[in-house]
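K.L.:
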Amino acid sequence: MSDATIPTESAGAAPRSAESGATGAEPTGTGAEPTGTGAEPTGAEHGLAETGAAERGPAAPGAAESGAAEPRPPRTALSDEATTLDAADRLRAKRDAFTLDDVIYLDGNSLGALPRAVPHRLAEVVAREWGELRIRSWEESGWWTAPERIGDRVGRLVGAAPGQVVVGDSTSVNVFKAVVAAVRIAQERGAHRDQILVDETTFPTDGYIAESAARMTGCTLRQVAAGDMPTAVGARTAVALVNHVDYRTGRLHDLPGTTAAVHAAGGLVVWDLCHSAGALPVGLDAHGVDLAVGCTYKYLNGGPGAPAYLYVARAHQPRFDSPLPGWNSHADPFGMASAYTPADGSARGRVGTPDILSMLALEAALEVWDDVTIEDVRAKSLALTDFFLRCVEDYVPAGRVQSLTPAAHAERGSQVALRCADAGEVMAELTRRGVVGDFRRPDVLRFGFTPLYTGFAEVERAARVLADVLPKEG
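Quick note on numbering: the sequence shown equals residues 5 to 478 in my numbering.
1. Less than 7 Å between C-beta atoms, sequence neighbours within five positions excluded: which residues of the same chain meet that for D426?
2. Please confirm if the region 362-375 is in contact with the region 123-130, defined as three or more CB-CB distances below 8 Å between the two stretches.
3. Give me, in chain order, the residues of the same chain whose beta-carbon lies closer than 6 Å to that of E215; leave out the 5 immediate sequence neighbours on both sides.
4. Should M220 go down as buried or exposed, given a rule of 16 or more other Cβ atoms within 10 Å for buried?
5. For a test of the three-state rule: what should DSSP assign to F391, helix, strand or coil?
6. In angstroms with no decimal places, state the Cα-to-Cα distance between A195 and V355.
7. So what's L366 in DSSP terms, helix, strand or just coil?
8. Would you kindly report the start and end of the unbroken alpha helix (DSSP H) that includes R468?
9. List the DSSP bridge partners of W504.
10. Could you have a look at N332 and say whether DSSP puts it in helix, strand or coil?
11. Apart from the five residues just before and just after A101, which ones in its own chain have a Cβ nearer than 7 Å to its Cβ?
12. List in chain order: all unbroken beta strand (DSSP E) runs of 3+ residues lying wholly within the region 250-302.
13. Please classify Y344: does DSSP put it in a helix, a strand, or coil?
14. I'd like to know if the region 342-352 and the region 153-172 are in contact, where contact means that at least 3 CB-CB pairs between them fall below 8 Å.
15. Leaving out five residues before and five after A117 in sequence, what residues of the same chain have Cβ atoms less than 8 Å from its Cβ?
16. To the nearest whole angstrom, what separates the beta carbons of R255 and T409, a pair I think is in contact under 8 Å?
17. Under the three-state reduction of DSSP, which class applies to F453: helix, strand or coil?
18. Could you name the residues that DSSP lists as bridge partners for Y313?
19. Take G330 and list the residues in its own chain whose beta-carbon comes closer than 6 Å to its own, dropping the five residues that flank it on each side.
20. Can the beta-carbon of A290 be found less than 7 Å from the beta-carbon of G271?
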């Protein structure tokens, strides 16, 4: 697959304003092989036709486009190619596992679509487990062990062996737990470690919490460009907090290289996986990551407000000193002792009573991943974003939009961010016409590509509608 040739701009040049009030709370961004899977897979290697097919001429006509927002336009070489790509897509059948309509939904990086299994499961939980068994469900229905059980399911998708991921609380709360605990571990190695480094274009909440954690632990906070993190760490570094994928631009940062550099300096690293988990391989264990956090309502489709997760590497669990030592993380929670004794393993990351309804909705949502490999998802993600960039380049007049998303596969997540004039009005009109992405102030159109349910015909159609919606020059 060839990289798109739309003019690109580095993440560092992206707008630095705070997050807008657009849909979905957005927590969450480098170099060679950041996904930990070796060379980037191509679409052809994973059952996807090459995205260069249009350059060889129109493909044979096929099935009608899925998810068309408006009456079907005349066929083009790109629309014929989309049909061919959809027919070859080995993940295509997964779309039926979600509740979707004719809207072209490119906002799964803010809120994933509803898996069909979730409503029935929630009805069962409410009517049977809560309505009939009531308090017995803590044991008989497995409510008490849900945070660790579901954590292991998330762990499989981020490359963590069982017993290292616990589900619960929000991403913000988990960032606080992870950063403070990481500082405490680092300072056991030496009191001189008094700096917290944070990705300077991080999602605002991560920055706010890092600043608070610095005040609480006697550290200073340094804002550093994510790409410069490996050279910014030093003898005073306690913790580096970095986003695997930049929420605004879609830039994929170098998890293996940054982790290795922080370790070489004697510090710990906390990764925010909100925009990578469920979209690409992460490899937490393989790359020796210390701690990680992430949400589950984006690519994992857990639903609005779904619980987040916390990864604590097994080697750090005995020294994980949570700043929120709630009764659920006690070694004997029902002993009701006045003194706190932490539980073993990932349960140390728990705080209070689990949010059972949203947690079990997440568990049902994760069933769609049972027969899916993250490598296939990554291959399709790259093919979708490549194809979208090519369609935009073909349909949109030159100079009307500028891609902020890197063309290089090793530096791209699963979204495309386009800068354009009047972006807010453009996105509002796109939404009115049945193409849903989101807007980030002051001038960014953001489109998320969820490989489990997004098709190539939808991508081609979205680019065509975008071209029609953009204000005409003059």
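Every residue gets a Cβ at the ideal spot worked out from N, C-alpha and C, and that includes glycine.
P.N.:
Quick look at the numbers:
1. P475
2. yes
3. L225
4. exposed
5. helix
6. 27 Å
7. helix
8. F460 to V473
9. Past the edges of the chain, shown from 5 to 478, lies residue 504, and the structure says nothing about it.
10. helix
11. P119, R120 and V372
12. 272-276 and 295-298
13. coil
14. yes
15. F102, T103, L104, Y109, N305, T454 and Y457
16. 7 Å
17. coil
18. V171 and G298
19. V355 and G356
20. no
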